[in-house]
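Number of protein chains: 2
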Amino acid sequence: MQHLQQLVIEAIETSQFPETPSNLYDPIRYILTLGGKRVRPVLTLMAAELFGMQEMDEIIPAAKAVEFFHNFSLIHDDLMDKAPLRRGKTTVHEKWDANIAILSGDGLLVKAYEEISKCNPIYLPATLKILSKVAMEVCEGQQLDMDYESRDSLTMPEYLEMIRLKTSVLLGGALQLGAILSGADEQQQQLIYDFGENVGLAFQLQDDILDAYGDPDTFGKIVGGDIMINKKTFLLVKLMAVISDDDKTVLQGLLDTSIETAPSKVTDMLALYEKYEIKIAADELKDIYTQRAFEKMEALNVPNDRKEALLVLANNLLVRQQ
Amino acid sequence: MQHLQQLVIEAIETSQFPETPSNLYDPIRYILTLGGKRVRPVLTLMAAELFGMQEMDEIIPAAKAVEFFHNFSLIHDDLMDKAPLRRGKTTVHEKWDANIAILSGDGLLVKAYEEISKCNPIYLPATLKILSKVAMEVCEGQQLDMDYESRDSLTMPEYLEMIRLKTSVLLGGALQLGAILSGADEQQQQLIYDFGENVGLAFQLQDDILDAYGDPDTFGKIVGGDIMINKKTFLLVKLMAVISDDDKTVLQGLLDTSIETAPSKVTDMLALYEKYEIKIAADELKDIYTQRAFEKMEALNVPNDRKEALLVLANNLLVRQQ
Numbered sequence: 013m014q015h016l017q018q019l020v021i022e023a024i025e026t027s028q029f030p031e032t033p034s035n036l037y038d039p040i041r042y043i044l045t046l047g048g049k050r051v052r053p054v055l056t057l058m059a060a061e062l063f064g065m066q067e068m069d070e071i072i073p074a075a076k077a078v079e080f081f082h083n084f085s086l087i088h089d090d091l092m093d094k095a096p097l098r099r100g101k102t103t104v105h106e107k108w109d110a111n112i113a114i115l116s117g118d119g120l121l122v123k124a125y126e127e128i129s130k131c132n133p134i135y136l137p138a139t140l141k142i143l144s145k146v147a148m149e150v151c152e153g154q155q156l157d158m159d160y161e162s163r164d165s166l167t168m169p170e171y172l173e174m175i176r177l178k179t180s181v182l183l184g185g186a187l188q189l190g191a192i193l194s195g196a197d198e199q200q201q202q203l204i205y206d207f208g209e210n211v212g213l214a215f216q217l218q219d220d221i222l223d224a225y226g227d228p229d230t231f232g233k234i235v236g237g238d239i240m241i242n243k244k245t246f247l248l249v250k251l252m253a254v255i256s257d258d259d260k261t262v263l264q265g266l267l268d269t270s271i272e273t274a275p276s277k278v279t280d281m282l283a284l285y286e287k288y289e290i291k292i293a294a295d296e297l298k299d300i301y302t303q304r305a306f307e308k309m310e311a312l313n314v315p316n317d318r319k320e321a322l323l324v325l326a327n328n329l330l331v332r333q334q
Numbered sequence: 013m014q015h016l017q018q019l020v021i022e023a024i025e026t027s028q029f030p031e032t033p034s035n036l037y038d039p040i041r042y043i044l045t046l047g048g049k050r051v052r053p054v055l056t057l058m059a060a061e062l063f064g065m066q067e068m069d070e071i072i073p074a075a076k077a078v079e080f081f082h083n084f085s086l087i088h089d090d091l092m093d094k095a096p097l098r099r100g101k102t103t104v105h106e107k108w109d110a111n112i113a114i115l116s117g118d119g120l121l122v123k124a125y126e127e128i129s130k131c132n133p134i135y136l137p138a139t140l141k142i143l144s145k146v147a148m149e150v151c152e153g154q155q156l157d158m159d160y161e162s163r164d165s166l167t168m169p170e171y172l173e174m175i176r177l178k179t180s181v182l183l184g185g186a187l188q189l190g191a192i193l194s195g196a197d198e199q200q201q202q203l204i205y206d207f208g209e210n211v212g213l214a215f216q217l218q219d220d221i222l223d224a225y226g227d228p229d230t231f232g233k234i235v236g237g238d239i240m241i242n243k244k245t246f247l248l249v250k251l252m253a254v255i256s257d258d259d260k261t262v263l264q265g266l267l268d269t270s271i272e273t274a275p276s277k278v279t280d281m282l283a284l285y286e287k288y289e290i291k292i293a294a295d296e297l298k299d300i301y302t303q304r305a306f307e308k309m310e311a312l313n314v315p316n317d318r319k320e321a322l323l324v325l326a327n328n329l330l331v332r333q334q
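Those protein sequences? They're chains A and B, same order as listed. Note that the numbering used here numbers the first sequence so that position 116 is 128, with each residue one more than the last. Note that the numbering used here numbers the second sequence so that position 273 is 285, with each residue one more than the last.
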């Protein structure tokens, strides 16, 4: 996997863009060099290896397309969410401005399609179809996320569908692109897609859990950050679904306070989670998705030793320090 | 041409999009039903007919891709330019909000690529390449336009390159897509592209001229609108290039006033244009581009009777009431 990651990083970081207009291309260069683990494009290469593809040069354009698409969505999402930081660095709309973030994001989305066009033409209709399907779903997920922010309540199916669209379909799609370009049939493509989507769902639940229960020393963000801003995570949505009428008043009181005026907001919320065994429910659902992912991998018709790398990666992603 | 326009309008207005999330798909439905002449997608069909293609069903996806792309750029440009109206109707960011305009524009760009993917797969690498090339150039043009707004001066080559990118390459590209899908060779593709680009440049110059010299009864907008807001049109850029040092002070004075405090701003500017024969220069350059367009059409290796429709269209576009 390190070898593939190296390939991807090199391909991304040596991407050439025109010098001018600098307000269009500098933000693209900037976001692409902010780093990150490049998990999504690595998945594309790993899926290709899984299906016996040796020529990584044939897969690199699709991997770049996946990473370009992901970074396009980061630029626009950060703008829409008014986020000041991305990977510890100033976001594009903060470093430049909103218009430049809109347009350089647009440009990066076009560049994603430009990259995928370089794939083996035999597979072009199939790869384009998957990229566009995933891209529309990611847009739908972001729209739902924004719609739900202003809602008082959210059902669990609504929440799970939103995170599936916003974060999981791209993991599935990244893998499926690698499968398509290695000649895998549609049944095998679906299995590897499902593996990725389920890993993505488990990962997102883990993210929700870690925000409340992560080790302050190893968790990158402030523990309890989601609670402080009333973010509708699995934990909060689940709590709202099972809470008694009496405690609902307590919960509403907590949601109506800010951390500045009520320093015990996080611990009080954790007490409610404890009372209703919310973490247990989250761990259980995370395990169900993880299990499903492994079953899909199990069902894949390739030699077991080729499955190893993706299983190790999934394991690393899903057993982070808690 | 009316027949092709009817085909395009029907194809666009019967496009199906999912019902939800409504904040993602309603703005897409809205912008696509605002009407307009649909010149760009009609050009795609006309280019196909020019090269002898009979099966318009094979060209419709490319025509839709062109119109979807154009409408994506309208949504984002209107947001960036803070425009309240588009074709007399409320713009997307005004009717909904900025975030919804960003995301529905993104979705429409993805839909453009989804449409082009439905073209004859033999030509898919070529059509994708043209769509992405044109799309990046349109982004570059919009960025230059924004960059130039805050600049004091602008050279004529800078201005002409900006309008070429922002408005003309899409006309050329729309035609080239039709040519590709009809099996035209690269030389013929280039000729029809050049025809479109030159028509586009002539049309943009005409737009600049009409703003100052249009007939108030037939010109859709307020005559002198560009002058009132100091918009850097061909006329102003040309004037700045040739004006004497003495008159430069007069011009700067005019630029520093607003139409509210100086009702004679438009007539005073027209007097300067008159003194330096700016309209003559604009008409001359428009004629040069028009002439070039006709030469490209002349050089095309297809029977003359098939060229008629596009020549009539170009003529109609370029001899508007002044």
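For glycine and all other residues, C-beta sits at the position ideal for the given N, C-alpha and C.
Query, Result
"DSSP bridge partner residues for A:Arg-98 (one or two, in chain order)", "A:Lys-101"
"Touching by the beta-carbon criterion (3+ pairs, under 8 Å), the stretch 256-273 of chain A and the stretch 165-175 of chain A", "no"
"DSSP three-state assignment for A:Gln-154, whether helix, strand or coil", "helix"
"Per-residue burial, A:Arg-99 [other beta carbons within 10 Å of its own, 16 or more giving buried]", "exposed"
"Given 8 Å, three or more beta-carbon pairs between the stretch 213-223 of chain A and the stretch 239-250 of chain A", "yes"
"Cβ pair count under 8 Å reaching 3, the stretch 50-59 of chain A against the stretch 13-33 of chain A", "yes"
"Within-8 Å CB hit, A:Ser-27 to chain B", "no"
"Closer than 8 Å at the beta carbon, the chain B residues around A:Asn-35", "Gln-155, Met-158 and Asp-159"
"Pick from B:Ala-75, B:Ser-85, B:Phe-231 and B:Ala-95 that is closest to B:Gly-117, judged by C-alpha positions", "B:Ser-85"
"B:Glu-198 and B:Ser-180 closer than 8 Å at C-beta", "no"
"Backbone CA spacing between B:Lys-250 and A:Tyr-37 [nearest angstrom]", "29 Å"
"Cutoff 8 Å: A:Lys-141 Cβ touching any chain B Cβ", "yes"
"Distance, A:Glu-61 Cα to B:Asp-326 Cα", "Checking the displayed sequence, the identity of residue 326 of chain B turns out to be Ala instead of Asp. If I take the Cα positions, the gap works out to 53 Å."
"For B:Thr-32, the nearest candidate out of A:Glu-149, A:Leu-120, A:Thr-102 and A:Val-122 (CA to CA)", "A:Glu-149"
"Separation of B:Ala-110 from B:Ala-59, as counted between CA atoms", "36 Å"
"Closer than 8 Å to chain A by CB, B:Ile-175", "no"
"Run of the alpha helix (DSSP H) containing A:Met-65, from where it starts to where it stops", "Run containing A:Met-65: none; DSSP gives neither H nor E here."
"Unbroken alpha helix (DSSP H) run spanning A:Tyr-135, endpoints", "Counting along the chain, A:Tyr-135 falls outside any alpha helix (DSSP H), and DSSP gives it neither H nor E."
"Run of the alpha helix (DSSP H) containing B:Phe-246, from where it starts to where it stops", "246-254"
"Buried versus exposed, by CB contacts within 10 Å (16 or more), B:Val-254", "exposed"
"Close Cβ partners of B:Ala-311 (< 7 Å) along its chain, the five nearest in sequence each way excluded", "Leu-203"
"Contacts that A:Gly-119 makes with chain B (C-beta to C-beta distance below 9 Å)", "Ala-147, Met-148, Cys-151, Glu-152 and Gln-155"
"Unbroken alpha helix (DSSP H) run spanning B:Ile-71, endpoints", "Per DSSP, B:Ile-71 belongs to no alpha helix (DSSP H) and is neither H nor E."
"A:Arg-52 in three-state terms, based on DSSP", "helix"
"Proximity of A:Met-281 and A:Ile-239 at Cβ, strictly below 8 Å", "yes"
"Residues of its chain near A:Leu-297, where Cβ-Cβ distance is below 8 Å and the 5 sequence neighbours each way are ignored", "Leu-217 and Phe-246"
"Alpha-carbon to alpha-carbon, A:Glu-152 and B:Ile-112", "11 Å"
"Residue-chain proximity (A:Val-314, chain B), Cβ-Cβ < 8 Å", "no"
"Cβ pair B:Leu-193, B:Ala-74 closer than 8 Å", "yes"
"Length of the line joining the Cα atoms of A:Gln-190 and A:Met-309", "Reading off the sequence shown, one finds Gly at residue 190 of chain A, where the question assumed Gln. Computed Cα separation, rounded: 15 Å."
"Cα-Cα separation between B:Tyr-160 and B:Val-235, rounded to whole angstroms", "23 Å"
"Spatially closest choice to A:Leu-330 from A:Asp-295, A:Arg-176, A:Gln-66 and A:Met-92, by CA coordinates", "A:Asp-295"
"Beta-carbon proximity of A:Gln-154 to B:Leu-267, cut-off 8 Å", "no"
"Enclosing alpha helix (DSSP H) for B:Pro-169 [first to last residue]", "168-175"
"B:Phe-81 beta carbon near the ligand NAP (any heavy atom closer than 7 Å)", "Among the components modelled here there is no ligand, and therefore nothing to report on the ligand NAP."
"Backbone secondary structure at B:Glu-79 - three-state DSSP", "helix"
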